[in-house]
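Residue 123 in my numbering sits at position 24 of the sequence shown; the count goes up by one each step and never skips.
Just so you know, even glycine gets a beta-carbon here, dropped at the ideal spot from N, CA and C.
In what follows, a single structure is set out as structure tokens and then discussed.
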Amino acid sequence: MWTNTGWNNEVLPTTGPLYYTSRGEDCPPRLDATFGKYIGNNEEYAYLFANGEWVCYNNRRWDDKFLQQVEIPVAVAV
Numbered sequence: 100m101w102t103n104t105g106w107n108n109e110v111l112p113t114t115g116p117l118y119y120t121s122r123g124e125d126c127p128p129r130l131d132a133t134f135g136k137y138i139g140n141n142e143e144y145a146y147l148f149a150n151g152e153w154v155c156y157n158n159r160r161w162d163d164k165f166l167q168q169v170e171i172p173v174a175v176a177v
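Listed below in structure tokens is the structure:
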């Protein structure tokens, strides 16, 4: 999510992604052996770098577009 609001509703100096690490969570990188294991970790979206570009899969099991590739929104400068 692109925002200029922090985890405590403070205004940030720039607009950008809001990372869990910025609120103190330990989020080390993870390497899964297969696509199935990666998808099975129950995040809402799965981002993969394939063939030189980022792709995103909807991993929300309650959604009609479950496991379909979806467009990654691009931030727009205001």
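Between residue i and residue j, what straight-line distance do the alpha-carbon atoms span, to the nearest angstrom?
{"i": "Leu117", "j": "Val173", "result": "15 Å"}
{"i": "Glu152", "j": "Pro128", "result": "19 Å"}
Per DSSP, what are the beta-bridge partners of residue i in this structure?
{"i": "Trp153", "result": "Phe148"}
{"i": "Gln168", "result": "Tyr156"}
The alpha helix (DSSP H) with residue i in it runs from where to where?
{"i": "Gly105", "result": "No alpha helix (DSSP H) holds Gly105; DSSP gives it neither H nor E."}
{"i": "Tyr137", "result": "134 to 138"}
Given a cut-off of 8 Å, decide if residue j and residue i are closer than it, judged by their beta-carbon atoms.
{"i": "Ile138", "j": "Asn157", "result": "no"}
{"i": "Thr133", "j": "Thr114", "result": "no"}
{"i": "Cys126", "j": "Tyr144", "result": "no"}
Could you pull the start and end residues of the beta strand (DSSP E) that residue i belongs to?
{"i": "Gly115", "result": "110 to 116"}
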